[in-house]
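Notes to accompany the following structure.
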Amino acid sequence: MRRIYHRFPLRCDLDFDVEMPFYDVITKIISLNNTHATSKAGDDLVKLAVRVDVADKKTNMINVDEVPNLAEVSTETVDFRINLIETILTGDRRIPRAGTSYLLKVKENGMATQCFVVKESSSGSTDAFDIKKIITGK
Numbered sequence: 003m004r005r006i007y008h009r010f011p012l013r014c015d016l017d018f019d020v021e022m023p024f025y026d027v028i029t030k031i032i033s034l035n036n037t038h039a040t041s042k043a044g045d046d047l048v049k050l051a052v053r054v055d056v057a058d059k060k061t062n063m064i065n066v067d068e069v070p071n072l073a074e075v076s077t078e079t080v081d082f083r084i085n086l087i088e089t090i091l092t093g094d095r096r097i098p099r100a101g102t103s104y105l106l107k108v109k110e111n112g113m114a115t116q117c118f119v120v121k122e123s124s125s126g127s128t129d130a131f132d133i134k135k136i137i138t139g140k
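The numbering used here puts the first residue of the sequence shown at 3, with every later residue one more than the last.
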């Protein structure tokens, strides 16, 4: 089943191919939901939390946890929204830093997979290359 979001722009910030089957890429993206990583940004320790939504009925996005067997029933094209939430961690509190949303279109292309990334929001220190790094590990 194709899961297409009708508001996905025709222009994208980054397009790239992943030398992995479509099913493996979808599974990797789904596994990113509700994960986080920490890194240093200057003197600050920053937590980067990841939330993943998938297109539903072409008009909205729902969390991937709400769709049972998403990887198994998805075919050809799937549109995702990846939300990256940055929080500064201090010794005694957490300070919200930024939230960045990306639209990600994943298309089957033989044994490879095409990915198209569009940044939806203007805040945050991440960019489309960070989404590529998260998916490919490179």
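Note that CB positions come from ideal geometry on N, CA and C, so glycine has one too.
If you compare the alpha carbons of V108, S124, R53 and M22 with that of T37, the shortest gap goes to R53.
8 Å or more divides the Cβ of L86 from the Cβ of K49. Selection H8, V66, D58 and K121 evaluated against I28 yields V66 as nearest (Cα-Cα). Non-local C-beta neighbours of T138 in its own chain, meaning closer than 7 Å and more than five positions away in sequence, comprise V20, ordered along the chain.
Burial of R5 is indicated by the presence of at least 16 other C-beta atoms within 10 angstroms of its C-beta.
Bridge partners of G101 according to DSSP: I87. Within the same chain, Cβ atoms closer than 7 Å to the Cβ of I64 are found at D55, V56 and D58, the five residues on either side in sequence being excluded. When the Cα atoms are used, G112 and D46 turn out to be separated by approximately 43 Å.
If only uninterrupted alpha helix (DSSP H) runs of at least 4 residues are considered, none is enclosed by the stretch 100 to 134. Residue pairing by DSSP places H38 opposite A51 in a beta bridge.
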